[in-house]
Amino acid sequence: MADAPVSVRGMNDLLPPDSSKWQHLERTCREVFARFGYLEARPPVVEHTELFVRGVGEGSDIVGKEMYTFKDRSDRSLTLRPEFTAGLARAYIEHAMATKEAVTRWWSIGPVFRYEAVNTGRYRQFFQIDCEAYGVGEPTLDAELIGMLHALYAALGVAPVTALINNVGHGDDRGRYREALVAFVTPKADGLCGDCKRRLVTNPLRILDCKVATCQALMADAPSILDHLGDAARAHFATVQATLTALGVPFVVEPRLVRGLDYYTGTVFEFTTTAGNLGSQSTLVAGGRYDDMIAELGGPRTPAIGFGIGVERTVLCMPGDAASYAPAIDLFIAAMGPAGRVKATALAHQLRLAGVTVEVEHREVGFKAQFRRADKLAARLTLALGESELATGAAKLKVMADRSETAIRLDDLAAAVATALAAR
RNA sequence: GUGGAUGUAGCUCAAUCGGUAGAGCACCAGAUUGUGGUUCUGGGUGUCGUGGGUUCGAUCCCCAUCAUCCACCCCA
10 MADAPVSVRG MNDLLPPDSS KWQHLERTCR EVFARFGYLE ARPPVVEHTE LFVRGVGEGS
70 DIVGKEMYTF KDRSDRSLTL RPEFTAGLAR AYIEHAMATK EAVTRWWSIG PVFRYEAVNT
130 GRYRQFFQID CEAYGVGEPT LDAELIGMLH ALYAALGVAP VTALINNVGH GDDRGRYREA
190 LVAFVTPKAD GLCGDCKRRL VTNPLRILDC KVATCQALMA DAPSILDHLG DAARAHFATV
250 QATLTALGVP FVVEPRLVRG LDYYTGTVFE FTTTAGNLGS QSTLVAGGRY DDMIAELGGP
310 RTPAIGFGIG VERTVLCMPG DAASYAPAID LFIAAMGPAG RVKATALAHQ LRLAGVTVEV
370 EHREVGFKAQ FRRADKLAAR LTLALGESEL ATGAAKLKVM ADRSETAIRL DDLAAAVATA
430 LAAR
């Protein structure tokens, strides 16, 4: 006998009832994003490899060792998207969006792919919900975007959530800070962990993030990026904070927050949580400004800001188990015998055409088992169809919550169901 | 890529100091001769992850391997 097939490591099936919880998240995002003016864009899952090398950055781990890259039959190098921002930027440029509208707000949802070790809340195929806004460089937009995330997580009931914000400066700012940081750390390099010794050369800003206690102690009085910002960045950051305060959105300035992608400029942010046993994967969503990327990819100079939500992580933090998100069933029809099932199926079909959610028991099992299943499915109403009902056309519609029954005629079922559902 | 833990019934797990294994949940039936959420009773042959080794004999010991989970790294 052949071995049964198994899924690819790090790539999971999403099945009921979990999918109901995902749908709730997606529905909530759609509603919240719509109120903030975001419209859905659906870029392809596959792009030319070069796009991610240029957009995400050659020095990033994502490009360096995590991409699913392959040759197609025409020998072109293609890559499964490891994130949304580069592909959406490509679409923004390719469709000349800058000439069509002054401000573009897009959101997307879908799988992204990174070849990494799987861990809590992190998989090789995982889902992101992504928002990008193009054409606005003003800091109030940054605050609006962060405020939207705050509203989203509140609507989802995910708590507690902390919004961390920082400003990593523009080119010159970051260069100067990097020098200052290297100058500060180099004399103490012997005390750093092995990873940080490497980071000192490859990405000094990341040393700020290290979780090793000795490194944290050593970096306690390290220079802050915020002291190395130019006037423009400083003013921008001040307005972001003032606007968030005006919105009533709580936030924490975290000078050590440095994102791992190369393209960020100015404002960066992330939302973390202690909910959901996420362990070390406590970042639910992260993003920031990337005012240079559109131009660097060959488009018109266009400021932009965006974020990516980790869907699996967010779902893990949503309250209630998956079953509690399952859709309600209005009516369960229990049927006995072949003729009863035909009648039940026909009645159910008519009700469904009228918008009622109906489940019919098609199996040949006793009424006890049928009612037990109706209860398990949380059906609000039940109808039993046996020999006497078929013979007389009379039946009893039962409200499961209080066990009350109403005598009805099967011909009047639709009206009776409507009345019972309305009574609630 | 590094380190740790775990792999036994559909699910969650137990047990056997080496003699081929059991409970809860779920499912079906009955008590209640046509009616659910609480009870009670009955109903389970599962390559004990896979391959090798030790042994009279391995689910248990040893080695390897795969998978899952967790931590690091990195990131959403």
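All you need for the working numbering is the position in the first sequence, starting with 1, plus 9. We put the beta carbon where it would ideally sit given N, CA and C, even for glycine.
Residue from the options with nearest C-alpha to residue i
i: residue 388; options: 342, 148, 115, 238; result: 342
i: residue 46; options: 154, 33, 380, 146; result: 154
i: residue 157; options: 362, 253, 88, 118; result: 253
i: residue 280; options: 265, 271, 272, 261; result: 261
i: residue 373; options: 361, 356, 394, 364; result: 394
i: residue 350; options: 398, 319, 312; result: 398
i: residue 132; options: 94, 140, 23; result: 23
i: residue 164; options: 116, 38, 347; result: 38
i: residue 322; options: 168, 53, 101, 69; result: 168
i: residue 223; options: 237, 211, 203; result: 203
i: residue 53; options: 87, 70, 344; result: 87
i: residue 259; options: 18, 103, 160; result: 160
i: residue 335; options: 170, 366, 85; result: 366
i: residue 276; options: 246, 304, 283; result: 246
i: residue 241; options: 427, 228, 274; result: 274
i: residue 300; options: 20, 144, 101; result: 144
i: residue 180; options: 197, 239, 171; result: 239
i: residue 431; options: 333, 234, 340, 271; result: 340
i: residue 317; options: 91, 43, 70; result: 91
Buried or exposed by the 16-neighbour rule on C-beta atoms within 10 Å, applied to residue i
i: residue 137; result: buried
i: residue 57; result: exposed
i: residue 98; result: buried
i: residue 79; result: exposed
i: residue 48; result: exposed
i: residue 344; result: buried
i: residue 41; result: buried
i: residue 405; result: exposed
i: residue 10; result: Caution is warranted here: a pLDDT of 38 is assigned to residue 10, below 50, making its placement in the model unreliable, and the coordinate value is therefore given only provisionally. Exposed, by the Cβ-count rule.
i: residue 195; result: exposed
i: residue 370; result: buried
i: residue 104; result: exposed
i: residue 407; result: buried
i: residue 347; result: exposed
i: residue 257; result: exposed
i: residue 17; result: exposed
Element boundaries [beta strand (DSSP E), containing residue i]
i: residue 413; result: 413–418
i: residue 296; result: 292–298
i: residue 127; result: Element bounds for residue 127: n/a, residue is neither H nor E.
i: residue 139; result: 134–143
i: residue 406; result: 403–408
i: residue 114; result: 113–122
i: residue 389; result: 388–394
i: residue 277; result: 276–282
i: residue 344; result: 338–344
Other residues of its chain near residue i: CB distance less than 6 Å, five sequence neighbours each side excluded
i: residue 208; result: 215, 216
i: residue 125; result: 75
i: residue 309; result: 107
i: residue 166; result: 328
i: residue 173; result: 261, 263, 266, 279
i: residue 201; result: 224
i: residue 114; result: 46, 47, 142
Through-space distance from residue j to residue i, alpha-carbon basis
i: residue 385; j: residue 151; result: 46 Å
i: residue 147; j: residue 218; result: 28 Å
i: residue 225; j: residue 249; result: 28 Å
i: residue 401; j: residue 293; result: 59 Å
i: residue 199; j: residue 211; result: 17 Å
i: residue 94; j: residue 376; result: 55 Å
i: residue 205; j: residue 62; result: 25 Å
i: residue 320; j: residue 358; result: 36 Å
i: residue 392; j: residue 353; result: 9 Å
i: residue 419; j: residue 33; result: 35 Å
i: residue 220; j: residue 287; result: 16 Å
i: residue 425; j: residue 122; result: 51 Å
Continuous alpha helix (DSSP H) stretch holding residue i: start and end
i: residue 69; result: Residue 69 -> no alpha helix (DSSP H), and no H or E assigned at all.
i: residue 57; result: Premise fails: residue 57 lies in the beta strand (DSSP E), 55–57, not in any alpha helix (DSSP H).
i: residue 322; result: 320–326
i: residue 242; result: 240–256
i: residue 221; result: It is not in any alpha helix (DSSP H) - residue 221 carries neither H nor E in the DSSP assignment.
i: residue 162; result: 148–165
Residues near residue i by beta carbon distance below 7 Å, same chain, minus five either side
i: residue 331; result: 26, 27, 29, 30
i: residue 193; result: 231, 232
i: residue 9; result: Nothing in the structure corresponds to residue 9, since the chain is present only between 10 and 433.
i: residue 290; result: 128, 129, 130, 131, 322
i: residue 423; result: 359, 360, 363
i: residue 379; result: 343, 370
Chain-order list of residues whose beta-carbon lies under 8 Å from that of residue i (same chain, five-residue window excluded)
i: residue 187; result: 213, 214
heavy atom of the ligand HEM below 7 Å from residue i C-beta
i: residue 223; result: With respect to small molecules bound, the structure shown includes none, and the ligand HEM cannot be examined in it.
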